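A.B. asks: Under the working numbering, residues 2 to 220 are what the sequence shown spells out, in order. Please see the structure below; I have some questions.
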Amino acid sequence: MTQNEKEAMALAVITAGKRMLESSLTVETWGNISVRSETGEICITPSGMSYQEIEPSDLVFLDPEGNVIEGSRIPSIETQMHVRIYQNRPDARAILHTHPVESSVFGVLRKPIPVITDEIAQTIGGEISVAEYALPGSDALAENAVAALGEKNACLLANHGAVCVGKDLAACFKAATVLETGAEIYQKALAVDGCEPVELKADDVKAMYDFAQNRYGQR
Ligand SMILES: [Zn+2]
Numbered sequence: 002m003t004q005n006e007k008e009a010m011a012l013a014v015i016t017a018g019k020r021m022l023e024s025s026l027t028v029e030t031w032g033n034i035s036v037r038s039e040t041g042e043i044c045i046t047p048s049g050m051s052y053q054e055i056e057p058s059d060l061v062f063l064d065p066e067g068n069v070i071e072g073s074r075i076p077s078i079e080t081q082m083h084v085r086i087y088q089n090r091p092d093a094r095a096i097l098h099t100h101p102v103e104s105s106v107f108g109v110l111r112k113p114i115p116v117i118t119d120e121i122a123q124t125i126g127g128e129i130s131v132a133e134y135a136l137p138g139s140d141a142l143a144e145n146a147v148a149a150l151g152e153k154n155a156c157l158l159a160n161h162g163a164v165c166v167g168k169d170l171a172a173c174f175k176a177a178t179v180l181e182t183g184a185e186i187y188q189k190a191l192a193v194d195g196c197e198p199v200e201l202k203a204d205d206v207k208a209m210y211d212f213a214q215n216r217y218g219q220r
């Protein structure tokens with residue numbers, strides 16, 4: 002991890018914190034954010050600090066096992082969750098833990114959001130599962146989040162927000178936005194009397210996800 006890379010990681014996390022707050026994906030100091038370097042070091046938000054006030058020196062750097070290697074602040078309470086997700090998802094280079102409104106409805110109901118839109122298929126890659134309940138900051142919550150995520154890019158935590166992973170923070174925000182709009186659409190579809198939302202077929206979901214991840218856009 003070079004000095005340049007460290008500064009870029011810190012800037013990305015700080016910018017994402019402000020964006021998460023401004024886009025109403027969280028309130029107050031809830032939620033947390035991290036990015037991982039090519040060599041495995043993790044840069045994570047400090048615990049309980051205002052996103053508007055976090056400076057580069059407030060960020061905490063961890064080794065791949067979660068030991069602090071730089072920074073004087075106490076790292077996020079959900080550090081273990083970030084570390085365990087990175088250990089299980091070599092493809093993930095960023096994690097965004099949000100406390101959003103629309104998708105949290107399903108975390109509270111403990112009801113997964115099926116793949117009901119093409120965007121969910123392309124961006125998240127499958128049903129948005131709800132991790133079993135465990136106390137914030139616990140090892141159990143970390144394990145439950147890993148299990149609910151699987152190879153997908155988002156999951157809900159029972160009664161406690163959402164987790165999005167991606168190749169960078171832009172990908173995490175895309176997943177968070179798709180999750181939030183998908184949840185809103187699902188609520189509205191469920192509210193229509195006498196009708197049931199139609200879930201997309203697994204083969205179509207797989208084909209769309211593969212296309213979106215590997216072949217979509219400009220060459
Ligand atoms: Zn949280």
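The beta-carbon is built from N, C-alpha and C at its ideal position, and this holds for glycine as well. On a predicted model such as this, the values are computed, not experimentally measured, just so you know.
(1) Taking Glu120 as the reference, which of Glu200, Leu158, Glu6 has the closest Cα?
(2) Three or more beta-carbon pairs under 8 Å between the region 90–104 and the region 160–168, yes or no?
(3) Going by DSSP in three states, Pro159 sits in which element: helix, strand or coil?
(4) Let me know if Gln81 comes out buried or exposed under the rule of 16 or more other beta-carbons within 10 Å of its beta-carbon.
(5) What first and last residue would you give for the alpha helix (DSSP H) that runs through Thr99?
(6) Alpha carbon to alpha carbon, what distance is there between Leu12 and Ala132?
(7) Just the C-alpha distance for Ile43 and Ile15, rounded to the nearest angstrom, thanks.
(8) Checking the sheet assignment: what are the DSSP bridge partners for Ile43?
(9) If you draw a straight line from the alpha carbon of Arg37 to that of Met10, how long is it in whole angstroms?
(10) Leaving out five residues on either side along the sequence, give the residues of the same chain with a beta carbon under 8 Å from the beta carbon of Ile117.
(11) Tell me the DSSP bridge mates of Glu8?
C.D. replies: Taking the geometry as given:
(1) Numbered from its first residue, the sequence shown carries residue 120 at position 119. Scanning Glu200, Leu158, Glu6 for the CA closest to the CA of Glu120 turns up Glu200.
(2) Output reads yes: the region 160–168 touches the region 90–104.
(3) As a first step, residue 159 is located in the sequence shown; it is residue number 158 there, counting from the start. Sequence check: residue 159 is Ala here, not Pro. The answer is coil: DSSP assigns Ala159 none of H, G, I, E or B.
(4) For the purposes of this step, residue 81 is taken as the residue at position 80 of the sequence shown. Label assigned to Gln81: buried.
(5) In the sequence shown, the residue the question calls residue 99 occupies position 98. Here Thr99 belongs to no alpha helix (DSSP H); instead the beta strand (DSSP E) covers 95–99.
(6) The count along the sequence shown starts at 1 and reaches residue 132 at position 131. The count along the sequence shown starts at 1 and reaches residue 12 at position 11. Distance from the CA atom of Ala132 to the CA atom of Leu12, rounded to whole angstroms, is 30 Å.
(7) For the purposes of this step, residue 43 is taken as the residue at position 42 of the sequence shown. For the purposes of this step, residue 15 is taken as the residue at position 14 of the sequence shown. For Ile43 and Ile15, the distance between alpha carbons rounds to 14 Å.
(8) As a first step, residue 43 is located in the sequence shown; it is residue number 42 there, counting from the start. For Ile43, which the question treats as bridged, DSSP gives the partners Arg37, Leu63.
(9) On the sequence shown, position 36 is the one that residue 37 refers to. On the sequence shown, position 9 is the one that residue 10 refers to. Going from the Cα of Arg37 to the Cα of Met10 covers about 8 Å.
(10) By 1-based counting over the sequence shown, the position of residue 117 is 116. Only Gly183, Ile186, Tyr187, Ala190, Pro198, Val199, Glu200, Leu201 meet the Cβ criterion.
(11) Numbered from 1 along the sequence shown, position 7 holds the residue referred to as residue 8. Glu8 is not bridged to any residue.
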